[in-house]
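Set out below in structure tokens:
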């Protein structure tokens, strides 16, 4: 039969229809049936073969019409035989449905009778061909006249006669009790039938529901599949515990049957709106009845426009109620004992996503809509001045935050599993990043970042969408740009075209008329410098920001890549140097980013340090006899009557100091580990390092000698923000105080616990404190306080070290030097105040200024050290002693320590919820003290709830 099949296929592909007709006429009916049967059983070319037969059988000729009927009469039982593959049977039925309208009236009548007879005698095994039956009846109803007995009937009347003869049970008048009995009996049969027999039975039940018992029918179908899912889940868990595969029903078979049943129900709901209303009503009162199958069904029904809004409102309410109940249950031991199990709607939705991989195309669009609906509805809302009304906590805690996170999970998992919807998800995420400029978009950035990490190669297929987003960067908020650029880093390492497109956009942004555009350019260039390593740079384990192992790993240590990266990085540095002539905000970003770049790309040290050195020399007074050692006048600029900061001098000095100290530490480590090195590089580095050290030592010596009058900042100076002179003096004061702080940190590190060096440090602090007190005094005289304590430039690591040595260092050799610091009460108080300030910044923003401020691991380690010290100080020094000597109306050291502990506790809850036990265990205090600390926190929180003031 293969020859006949090949002949039919080849002729059908040609244009000579007459030759095809002639060949088909030469075949007997038995031969034609054999050709169809063989090709269907083998699953090869069956569709092409049937199409060829239809092509060579004109419906307007008697022979062609008879041949077409023969194909139908043979294919219907063949599909019901169960011998064909599911896909092959579906293809055959699909082809027959397309050609049904070409059949003559008599052929349609014979075909309809064939269906009726087969149904009555129970020959419809799989029920696959039943999908064809409604099409046949529709075509039959369109016929004008058909022979019936000795007379004629219209097609519509003929169809009614067929239905009457077929639907004996449905058309028999039944009372409500009889109908309910029938429905219950059919539903009880579900568990006794083979799984493949369920969809036809569901279809019949739905037809029967037109008479009544709609809720009973729907509940019965949903409960059956709910029980099947529970049974399979239990079997899967049991099998995993025994390392066996125990499945009474194959999972893929169950999911395909569920998908077919969902299609039947959705089709019935389209035709019967009363059925749709009954379906939604059953879930409006409680979400307990939900299950993965009903969630999938709801999402499919949501594709019907009239139900879309109702379905998503229903799911929104169920999700929030579920999260609230879960939160209540977790916070109450009584509820945990009373309610042993919790019905998690979120888990049901995620299970639905997982199940949808089995060909549930009718569900996937609903999942995408639900994901974005949750993100849009429950995402952070804009507050005053565009700031988010919710903290940027890394962990979702409130039901609203959890619902938003669920939306992201749904979209991420759907993106991974379903290729057809990836483009739509990506496009919608990027569109929201571009359009929602007035609202926080952190949740969309998190989703985009997760997508990039999970499927970078897939995203490259849609790189044009990412490139289009780059074009809008100059107009986006800075926070959005930073998040977007961090997210695309893995893509830039594997796509040269994407990297080139980004660089072009950043270069344009560098000359943008908008300040945010230029800041975005600096952010982008700094991120590129941190992520494109040059050969010879230190290993990522030594850097503050290691690339996640889940991201794309690229061989950047090959000769070509390292050379290309070095040229690339030097070109970027050249572009960044232009920023040193721009506004203070742009320069500030550059100074804050250079340290991290240096740690990630140590081979760029020479270029970075030379840039900082040349910039610092502009504001340094080289004449050693002149005071003060820094030039403040070039640090400001005037525009009309307004005075602005032009150069954040203190941040420049801070960046230079930290880069220098890190390089010196690395040089010492390298000298201990390496036998030889490049002498020329050493000489060059030692050159600028010694020059910088000389400058810093000279600045320290002369800043100590300088009086406030040298800066024109004595008590007689004006600090009112209402005048240009006052604004200028305020800027000068903040710059000078910042320089004092940076030099304090530098001299502490270089002192190596030398008493004389610590005495110089206290001299620096005394001048800092004196200027700070003048600012406070001047600001307090006005009607409205104009002074706000500037953010300290001490690094988080240094403040942690400083507070530790002040309170806990018992080393005998250091005692004399440390007594210089400990004996100065104002310095000790200042140190604790800066510690509290750093913790507060970490609590509010998730990071701190200065080195290691962006590293979550390092900041958590600093928190642990601070917790230990502050707890020791609070529990070992009685507050009564402090109260006795207290003269001023300000918080005691114990109160500052308690505030610090409270902020650490809150910060850890928000930022490091999984590390709370580790935070307490790192304390050198005993477990009893940890318990006492917890009681202190609880007491303070209860007091704050009453007074409304936490701190």
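In the UniProt record's numbering, the protein residues as written are 1 to 951. Cβ atoms here follow ideal geometry from the backbone N, Cα and C, with glycine treated the same way. These numbers come from a predicted model, not from an experiment.
In this structure, what does DSSP give as the bridge partners for residue 637?
644
Looking at the ligand GTP, does it come within less than 7 Å of residue 857, judged from the CB to the closest heavy atom?
Here there are no bound small molecules, and the ligand GTP is not part of this structure.
Determine the burial state of residue 25: buried for a count of at least 16 other Cβ atoms within 10 Å of its Cβ, exposed for fewer.
exposed
Whole-angstrom Cβ separation of residue 186 and residue 201, contact assumed at under 8 Å?
7 Å
Is it true that the CB of residue 345 sits closer than 8 Å to the CB of residue 318?
Their beta carbons are under 8 Å apart, which means residue 318 touches residue 345 by this criterion.
Own chain partners of residue 19 with C-beta closer than 7 Å, once the 5 adjacent residues on each side are dropped
11
Select from 80, 908 and 491 the residue whose C-alpha is nearest the C-alpha of residue 131.
80
One question on the structure: do residue 585 and residue 519 come within less than 8 Å of each other, judged by their Cβ atoms?
Judged by beta-carbon spacing, residue 519 lies within the 8 Å limit of residue 585, meaning their Cβ atoms are closer than that value.
Going by C-alpha distance, which of 74, 53 and 60 is nearest residue 37?
74
Would you identify the three-state DSSP class for residue 88, choosing helix, strand or coil?
helix
Quick one: grab the DSSP three-state call for residue 722.
Of the three classes helix, strand and coil, the one that applies to residue 722 here is coil, per DSSP.
Sort 845, 914, 610 and 807 by Cα distance to residue 869 and report the nearest one.
Checking every option, the nearest Cα to that of residue 869 belongs to 807.
With burial defined as no fewer than 16 other Cβ atoms inside 10 Å of the residue's Cβ, what is the status of residue 876: buried or exposed?
exposed
Under 8 Å between the Cβ atoms of residue 408 and residue 462?
no
I'd like to check one pair, residue 492 with residue 597: are the Cβ atoms closer than 8 Å?
no
Sorted by chain position, which residues of the same chain lie with C-beta nearer than 8 Å to residue 63's C-beta, five sequence neighbours on each side aside?
Annotation for residue 63: 25 and 57 place their beta carbon closer than 8 Å to its own, counting only its chain and skipping 5 residues before and after.
Going by DSSP in three states, residue 6 sits in which element: helix, strand or coil?
helix
If you draw a straight line from the C-alpha of residue 726 to the C-alpha of residue 406, how long is it?
52 Å
Would you kindly work out how many angstroms separate the C-alpha atoms of residue 721 and residue 708, rounded to a whole number?
19 Å
C-alpha distance - residue 232 paired with residue 473, whole-angstrom precision
One alpha carbon belongs to residue 232, the other to residue 473, and they sit about 49 Å apart.
Out of 642, 574, 627 and 653, which one is the CA nearest neighbour of residue 613?
653
Alpha-carbon spacing of residue 361 relative to residue 304, whole angstroms
15 Å
Do the CB positions of residue 444 and residue 459 come within less than 8 Å of each other?
In this structure, the beta-carbon distance from residue 444 to residue 459 does not fall below 8 Å.
In terms of residues, what are the limits of the beta strand (DSSP E) holding residue 132?
For residue 132, no beta strand (DSSP E) encloses it, and the DSSP letter there is neither H nor E.
Bridge partner(s) assigned by DSSP for residue 357:
Residue 357 pairs with nothing; no bridge assigned.
Kindly list the residues whose CB is nearer than 7 Å to the CB of residue 452, restricted to its own chain and excluding five residues on each side of it in sequence; keep chain order.
459, 487, 488, 490 and 491
Taking 8 Å as the CB-CB limit, is residue 439 close to chain D?
Of the protein chains in the structure, only one exists, and it is not chain D.
How about residue 301 and residue 279: are their beta carbons less than 8 Å apart?
yes
Check this for me: beta carbons of residue 919 and residue 867, under 8 Å apart or not?
yes
For residue 573 and residue 607, believed in contact at Cβ under 8 Å, the rounded distance
5 Å
List, from N- to C-terminal side, the alpha helix (DSSP H) runs of 4 residues or more that fit wholly inside the stretch 776-840.
796-807 and 815-822
Look up residue 620 in the DSSP assignment and say whether it is helix, strand or coil.
Strand at residue 620.
Which residue comes first and which comes last in the alpha helix (DSSP H) that contains residue 189?
Residues 176-189.
Kindly indicate which residue of 705, 623, 128 and 156 has the alpha-carbon position closest to the one of residue 138.
156
Is residue 441 helix, strand or coil when you go by DSSP?
coil
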